[in-house]
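>
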Amino acid sequence: MALAALCVLAGCSNKTRLAAVRNEGPLSSSVLSARAEEFKALDDPPYSPNGYVCLTNGLLGVGFQLDQRAEDAGSDNFTLFLANRFTRTGTESLVQFGNPFGLPTSSQPFRDEVASLDLETGVYSVRARHGGHDVYYEFVLSPSSPSAVERWTIKGQPGQRAELDVEKVPRSLSSQGEVDSGPAVKAVVAVDGDDQAQMDGPSVKAVIGQSGVVRVTRKVAFGAESRLPSFEETAQAAKEWASGRDAPRVIIDGPADDQRFVASALYFLRCGVNPSGPTGPFGVTNPKYGGRQFWDADTWMFPVLALCEPKRAAAIPLFRLATAPAAFTQALDWIAEKGVLYHPAPGERIYKYPWEAGPTGKENAPEASAKQHHITADVALMAEHASALGLIDPVASGKLVRGCANWLWRRSSRLESGEWGILDTMSPDEFHTGDNDLYTNIATEQALKAAYPSDWKNRRFKRPRDSTTFLTYDNDGLRAYKQAAALLAIWPLQDPDCEAEAGAMLKRFAGKTAKNGPAMSKSVEALVRARFGDVEVAYQEWRTSWQLYTKRPLMQFSEAPNGKNATFLTGVAGCLDAFLYGFVGFRIDKREPPAGAKWKTPIKNGYWLSITPKLPKAWPSVKLQNFSVLGRKVDFTITNSAVTVSPMQAPPSNKAGK
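Numbering follows our numbering, in which position 33 of the sequence shown is assigned residue number 764; successive positions increment by one, without gaps.
Here is the structure:
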C-alpha cells in the first residue's frame, strides 16, 4: 500500500505507527468517533478487533489500518476491492488490489488523534497534533461511482516547512489475483492555500505562508471518468445521499446508544450493497467469501432494504434474474447427474441457484456447503416479496418463482406418511446434513404454493417434531447448533403452525447456538421473542446481538464476537430485521394481517403490509422517515397503541393491491 506519508518539518523520512483507536462515547448518533489512546498491540492484523476500518459505496471498498507500521506499506494487509472485479479462473473471488489511500503517518508520534465518521456527510477524518501543527485528513467516497477524494490540511505558523508524499498517479494498484494489469485509474493532485507550495516528484513541499494553511487534495477514480469532481462536490453528493431530503432515517425516543447503532447500521447496509452485481456477506470490504452472493442478501439484507432503500433492494432480485441462465444450466446438470426424469414443456425453465454465486451465477461452494438447497427456495420467496412490493416486474418474477419451484419439486421426495420432504440436505444450522430440515421443507412448500397454488393447495411438507414441539430436522439431538435454524420457520417464513408454537420453540432452541457464531442467531431470537414472547427480554437480547459485534473502531460490525472480519453486512441486516420486523412490527403476509395490527395496507399480488408494534419500555416511540411503500415515500410514527402514517393512507380494500 502506498501510504500518503506526512512529514511535518524538513528532513522527516522515517514512519512510525498511528495507534489504533477505540470507540468513544456516548456522542451524537450521527458522528462515530474513536481516540488513539489504547490497543498498542494488534492480535490479528489486518482484520483485528481494534485496528481496521472499512469504508464502501458498494462499488469501491477501502480498508484503513489504524495501527499502521512502515514495514507494512505495500503489503496485502491494506486492501482495496472493486465491485464486479473477480478472478477469471477457478473459484470466482474478488480481486484484491493494493490501497493507494491512507492516513497520515510520521517519524514523530502524533498526539491527541481522533478518527471520525460522520454518518450525515459520509466523510471519514482523522485529526491530530504534531510538532506544533494541526493535521487533518479527510476521505470521502462518491455515492455513485468507484471514485474517492482525500484531502490533507496542515495548519501551522507562517514560515514553517511541511512535506507531504502523494503519488500523483498511484503506483500501488498491483493486484493479487488472476486479472489483467489492473483497473484504469485517473488521479489528480492539487495544492492550494499557499503559493509557495510545489510538486517535486511524488512529494508536495511547502513553506507555510501567511494564511497558516497548506491543503493538498487527491482525486482518484477507477474506470472511465471524464471529469473528477472536487472534494467539495463529492462531499456534497455524499451528504445528499446520506442525509438529504429523500434519505431514510430512524429516530428512536430512547437510549442514545440504541439510536446510534441503528443509524450506523442503516448507513453501513445502504452503502454496502452492490447496485449491479452480486452482494457478498461483506460487500466489497473484505476478501472473506470472495464477494460471492449467498442467502445473506436474499433472506437477511433484502427485507430491510425493501422498506428503506428500494433501488438497492431491487439489485438483489435483479442479480438473480440476470443469472437465471446459469441456474438453468445447473438444474439441467443436476438432473443429468441424478438421472431424474424431466420432460419440460415448451419454454419451461427450471432453476437451481448456487449457494455461493459469483458474477456469472455459477456455483462456487465446496461440495458439502453446496447442499444448502434451501437457497433456491430463498431466491423464490425473495422474488415473491420483491414483486409484491413493486420492486421488480411481476411477469419476470413469476417466471423466476416457477423456475425455482420446478427444480424444488424434483428435489423433493414423497414420504411414507404421504407428506413431502427434502432428503440429504444441509440445514441452515450448517452443523448438520440429513433429512427433512424444518426450514428447508417449509421454504420449499411455500415456493411451490406460490408458483402452483392450485396444485399445492392441499399438499404438505413434513414438519419434524416430537410431543413437545417442532425439531430442527429428523433425529435432532437438541443439543447445539452453529446458528439459528428452526426459529427461521417463524421468521422469515411466518409458517402458521410454527407461529402457533413460537413459545415452545423459543424455550427449546433459544441460547443453544455457538457462542462465537454470527449475530443473526441472537437477532432472530430477539425478533421472534418480540413478536411472541417477552418484549423486555427481547430488547436485552437485541442489544446483545449488536453490542457483541461492534467492538471495532467506528462501530464496524464484525462477523463474530472476537471482532475479526468487517463489515459483516449480514449481521448488520439481521439486527435491523429484528428492529423493523420484531419491535416496530412490520409483516408481509399473503393473508389478512393478524388481529392486533395497528396499521395495514394491501400491496400487490394479494399481499399485505402491516405493523403490529411491540416496542420495549425504553422506546416510547419510534419514527421512520422516508421509508417506501409501492414507490411512495412514507413517514411512520409508531407507539404501542397507534401507528400514524403520512402522507400515505391505506387503500380501503385489497383490490387496490392487485
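No residue lacks a Cβ here, since even glycine has one placed at the ideal position from N, Cα and C.
Predicted model, so just to flag it, every value in this text is computed and none were measured.
Is the segment 883-890 in contact with the segment 978-986, if contact means three or more CB pairs nearer than 8 Å?
Result no; under three Cβ-Cβ pairs closer than 8 Å.
> For the candidate residues P1184, C1229, F1162 and W1277, whose alpha-carbon lies nearest to that of K1213?
Taking only the C-alpha atoms, the option nearest K1213 is F1162.
> Who are the near neighbours of A772 in its chain, counting only those whose CB is closer than 7 Å to its CB and skipping five residues on each side?
Confidence at A772 is low in this model, with a pLDDT of 35, below 50, so its placement is unreliable and the value that follows should be read with caution. Closer than 7 Å at Cβ, skipping near neighbours: no residue.
> Expressed to the nearest angstrom, what Euclidean distance is found between the alpha-carbon atoms of W1222 and V1255?
Distance between the alpha carbons of W1222 and V1255 is about 7 Å.
> Which residues in the same chain have their Cβ closer than 6 Å to the Cβ of Q1103, if we skip the five residues on either side of it in sequence?
Answer for Q1103: W1086 and M1157, listed in chain order.
> Using only alpha-carbon positions, find the residue among E1290, G1234 and N1296 that is nearest to S1252.
Selected option, being the one with the closest Cα: E1290.
> I believe L872 touches G890 by the beta-carbon criterion, under 8 Å. Please report the beta-carbon distance rounded to the nearest angstrom.
About 36 Å separates the two Cβ atoms, so there is no contact after all.
> Report the residue from P1249, G821, K1348 and L1340 whose alpha carbon sits nearest the alpha carbon of K1361.
In the sequence as displayed, the identity of residue 1361 is Leu instead of Lys. The residue with the shortest Cα to Cα distance from L1361 is L1340.
> Excluding the five sequence neighbours on either side, which residues of its own chain have a C-beta within less than 7 Å of the C-beta of F1033, listed in chain order?
Once the five neighbours on either side are set aside, the close Cβ partners of F1033 are A1044, I1047 and M1113.
> Can you look up D988 in the DSSP assignment and give me helix, strand or coil?
Note: D988 maps to helix in three-state DSSP.
> Can you check whether the CB of L1120 is closer than 8 Å to the CB of A1216?
No. Outside cutoff.
> Could you name the residues of the same chain whose beta carbon sits closer than 6 Å to that of D865, not counting the 5 residues immediately before and after it, in chain order?
Closer than 6 Å at Cβ, skipping near neighbours: K886.
> Drop a sphere of 10 angstroms on the beta-carbon of G1294, count the other beta-carbons inside from all chains shown, and report buried for 16 or more, exposed for fewer.
That one is buried.
> Decide if D1064 is buried, meaning its Cβ has at least 16 other Cβ atoms within 10 Å, or exposed.
Looking at its Cβ environment, which holds fewer than 16 other Cβ atoms inside 10 Å, D1064 is exposed.
> In terms of alpha-carbon separation, which member of D1308, G1165, G863 and F1317 lies closest to G943?
Cα-wise, what sits closest to G943 is G863.
> Going along the chain, which residues of its own chain have a beta-carbon closer than 7 Å to the beta-carbon of A1235, five neighbours each way excluded?
Closer than 7 Å at the Cβ level, and outside the excluded window around A1235, lie T1199 and T1200.
> Please identify the residue among Y783, S1372 and S1359 whose C-alpha is closest to the C-alpha of T1343.
That would be S1372, whose Cα lies nearest to the Cα of T1343.
> Per the contact definition of three or more C-beta pairs closer than 8 Å, is the segment 991-1005 in contact with the segment 1067-1083?
No: fewer than three Cβ pairs fall under 8 Å.
> Quick check on this structure: which residue in Y1338, E1040, Y1020 and R1133 has the alpha carbon closest to the alpha carbon of A1055?
Residue R1133 is the option with its Cα nearest to A1055.
> Please go through the same chain and pick out, in chain order, the residues whose beta-carbon is closer than 6 Å to the beta-carbon of G821, but skip the five residues on each side of it.
If we look at G821 and ignore the five residues flanking it on each side, it has no Cβ neighbours.
> What does the alpha-carbon distance come out to for the pair L1224 and A1174?
One C-alpha to the other measures close to 7 Å.
> Pull up the distance between the alpha-carbon of A1233 and that of W1273, whole angstroms please.
Answer to the nearest angstrom: the Cα atoms are 18 Å apart.
> Per DSSP, what kind of secondary structure is P1333 in: helix, strand or coil?
Three-state DSSP puts P1333 in a strand.
> Report the residue from V1268, K1042 and A1088 whose alpha carbon sits nearest the alpha carbon of Q1061.
Looking at the Cα atoms, A1088 is the closest of the given residues.
> Compute the beta-carbon to beta-carbon distance between V1015 and L791, rounded to the nearest angstrom, for a pair I have assumed lies under 8 Å.
V1015 to L791, Cβ: 7 Å. Contact.
> So G1003 packs on T1298, CB below 8 Å; how close in whole Å?
Yes, they are in contact, since the Cβ atoms of G1003 and T1298 sit about 6 Å apart, within 8 Å.
> Classify D1029 as helix, strand or coil using the three-state DSSP reduction.
Helix at D1029.
> Measure the CB-CB distance between W1138 and S1144 and report whether it falls below 8 Å.
Taking 8 Å as the Cβ cut-off, W1138 and S1144 do not qualify as a contacting pair.
> Going by the beta-carbon positions, is the gap between P1009 and R1023 smaller than 8 Å?
Yes, they are a contact pair.
> Taking a contact to mean a Cβ-Cβ separation below 8 Å, would you say V1266 touches P1347 in this structure?
Cβ atoms of V1266 and P1347: closer than 8 Å.
> Which runs of the alpha helix (DSSP H), 4 residues or longer, sit entirely within the segment 1133-1210?
As far as the segment 1133-1210 is concerned, its whole alpha helix (DSSP H) runs of at least 4 residues are 1169-1182.
> In or out: S824 buried (at least 16 other Cβ within 10 Å) or exposed?
Flag for S824 reads buried.
> For G789, which of A973, R842, R1001 and E1230 has the nearest alpha-carbon?
The shortest Cα separation from G789 among A973, R842, R1001 and E1230 belongs to R1001.
> If F1314 and A1241 are in contact, beta carbons under 8 Å, what's the gap, nearest whole angstrom?
Actually they are not in contact, since the Cβ atoms of F1314 and A1241 sit about 17 Å apart, beyond 8 Å.
> Could you please give the first and the last residue of the uninterrupted alpha helix (DSSP H) stretch that includes R1051?
Start and end: P1041 to A1053.
> Can you tell me whether S779 is buried or exposed? The criterion is at least 16 other CB atoms within 10 Å of its CB, across all chains shown.
Unreliable placement is indicated for S779, whose pLDDT of 43 sits below 50; the coordinate value is still reported in the next sentence. S779 comes out buried.
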